[in-house]
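Taking it in order: structure first as structure tokens, then the write-up.
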Amino acid sequence: MKALQGLLAKRNECAHPGNYEPSINDTLGYLDEMMKRIEALPK
10 MKALQGLLAK RNECAHPGNY EPSINDTLGY LDEMMKRIEA LPK
């Protein structure tokens with residue numbers, strides 16, 4: 010669960026105004042990590 014909270018914090022950093030603008034590689038890495046975490050959730 011902490012891993013998902015960490016990913017949420019990263020998403021929040023991108024969603025709110027600021028100087029942080031992730032590259033396409035950062036974005037793809039985030040999506041890849043999120044999909045892996047979702048697949049690993051208990052069913």
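Counting with my numbering, you get residues 10 to 52 for the letters of the sequence shown. From the three backbone atoms N, C-alpha and C, an ideal C-beta is built for every residue, glycine too.
Hey, how far is the Cα of residue i from the Cα of residue j?
{"i": "isoleucine 54", "j": "lysine 19", "result": "Nothing can be reported for residue 54: it is not among the residues displayed for the chain, which extend from 10 to 52."}
{"i": "leucine 50", "j": "proline 31", "result": "26 angstroms"}
{"i": "leucine 44", "j": "leucine 13", "result": "With the sequence shown as reference, residue 44 is identified as methionine, and leucine is not the correct amino acid for it. So the alpha carbons of these two residues sit roughly 11 angstroms apart."}
According to DSSP, is residue i helix, strand or coil?
{"i": "isoleucine 39", "result": "The amino acid occupying residue 39 in the given sequence is tyrosine; isoleucine does not appear at that position. The answer is helix: DSSP assigns tyrosine 39 an H, G or I state."}
{"i": "glutamate 48", "result": "helix"}
{"i": "glycine 27", "result": "coil"}
Nearest to residue i by CA position, among the options, is which residue?
{"i": "glycine 15", "options": "Tyr39, Asn28 and Pro26", "result": "Tyr39"}
{"i": "threonine 36", "options": "Leu13, Glu48, Cys23 and Arg46", "result": "Cys23"}
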